[in-house]
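Worksheet: one structure, shown below.
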Amino acid sequence: MMMLENGHRAHGFSSANFLDSDEIIRELNLTGDEVFMDAGCGDGHNAIKIIEDYNHKGTVYAVDIYDASIEDMETYKKENNVENLINIEANITEGIPGVEDGSIDVVLMVNVFHGFKASRKLDEVVSELNRIIKNDGKIAIMDYKAWDVPNGPPTKFRSSPEDLEKLFLNHGLKKSYLNEEIGEDIPEGKSHFLIMFEKE
């Protein structure tokens, strides 16, 4: 498993082992015809779950910085003859090529946001997410609670929902939903929170 300079585990570490995709996706109240983006898709298990079980009439973008992730998603697409999947290798903080302004209904980012805190690129990522969502679109961020616990990223790279609320508000995005009882059961409680934002 590759370690980046900031100590962030990269490629090959999947949340599929300890987070329930259905639990996460149900929170999004999808109608099945959305333009959906799994931003920082990793092994793509959430994107694949959306395609197979939730979003039959819509389009799914799978975006990741690691070429291996995107290659795996391309293999899945070919082997399963999936037409409504668009895979893009991109560093989200530098912009996602081929995605028009205001074209995405729902962006989901699971266990990715702390990486932008680690790389000090928080404003850049929020700015790009704001660019791509529709006026009535939503951005759903699920990440580790800002607790000092052994599993997950170092505490200093974690954010609280309040931290994110302030950050997104600076970009004209307001909190529309918060669930602090989601994720894995750990001794301290539920491991994650899921927060959603939409344009003001």
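The opening position of the sequence shown corresponds to residue 1350 in my numbering, with each subsequent residue numbered one higher. Here a beta-carbon is modelled for each residue, glycine too, at the ideal position from N, C-alpha and C. Just so we're clear, the structure is a prediction, and the values are computed from it rather than from any experiment.
>> Which complete beta strand (DSSP E) runs does the segment 1376 to 1430 hold, if anything under 3 residues is left out?
In response: 1384 to 1388 and 1408 to 1413
> Hey, is the segment 1506 to 1518 in contact with the segment 1481 to 1495, meaning 3+ C-beta pairs nearer than 8 Å?
Replying inline: yes
> So is P1502 buried or exposed if we call it buried at 16+ other beta carbons inside 10 Å?
Replying inline: Working through the sequence shown from its first residue, we reach residue 1502 at position 153. The residue in question, P1502, is buried, as its Cβ has 16 or more Cβ neighbours within 10 Å.
> Since E1549 and L1522 are thought to touch, with beta carbons under 8 Å apart, how far apart are those beta carbons, to the nearest angstrom?
Replying inline: Residue 1549 sits at position 200 when you count from the first residue of the sequence shown. Residue 1522 sits at position 173 when you count from the first residue of the sequence shown. That belief holds up - the Cβ atoms of E1549 and L1522 are roughly 7 Å apart, short of 8 Å.
> Any idea what DSSP makes of N1479, helix, strand or coil?
Replying inline: The residue given as residue 1479 occupies position 130 in the sequence shown. Helix at N1479.
> Is it the case that the Cβ atoms of I1445 and E1477 are separated by a distance below 8 Å?
Replying inline: Residue 1445 sits at position 96 when you count from the first residue of the sequence shown. Residue 1477 sits at position 128 when you count from the first residue of the sequence shown. Yes, the pair counts as a contact, with Cβ atoms nearer than the cut-off.
>> At the level of alpha carbons, what is the spacing between S1364 and V1409?
In response: In the sequence shown, counting from the first residue as 1, residue 1364 sits at position 15. In the sequence shown, counting from the first residue as 1, residue 1409 sits at position 60. Using only the alpha carbons, I get a separation of about 19 Å.
> Span of the beta strand (DSSP E) holding K1539?
Replying inline: Locating residue 1539 in the sequence shown gives position 190, counting from the first residue. G1538 to K1548 is the span of the beta strand (DSSP E), which, as asked, contains K1539.
> What's the gap between the Cα of E1473 and the Cα of K1487?
Replying inline: The residue you call residue 1473 lines up with position 124 of the sequence shown. The residue you call residue 1487 lines up with position 138 of the sequence shown. Near 17 Å, if we compare the C-alpha coordinates of K1487 and E1473.
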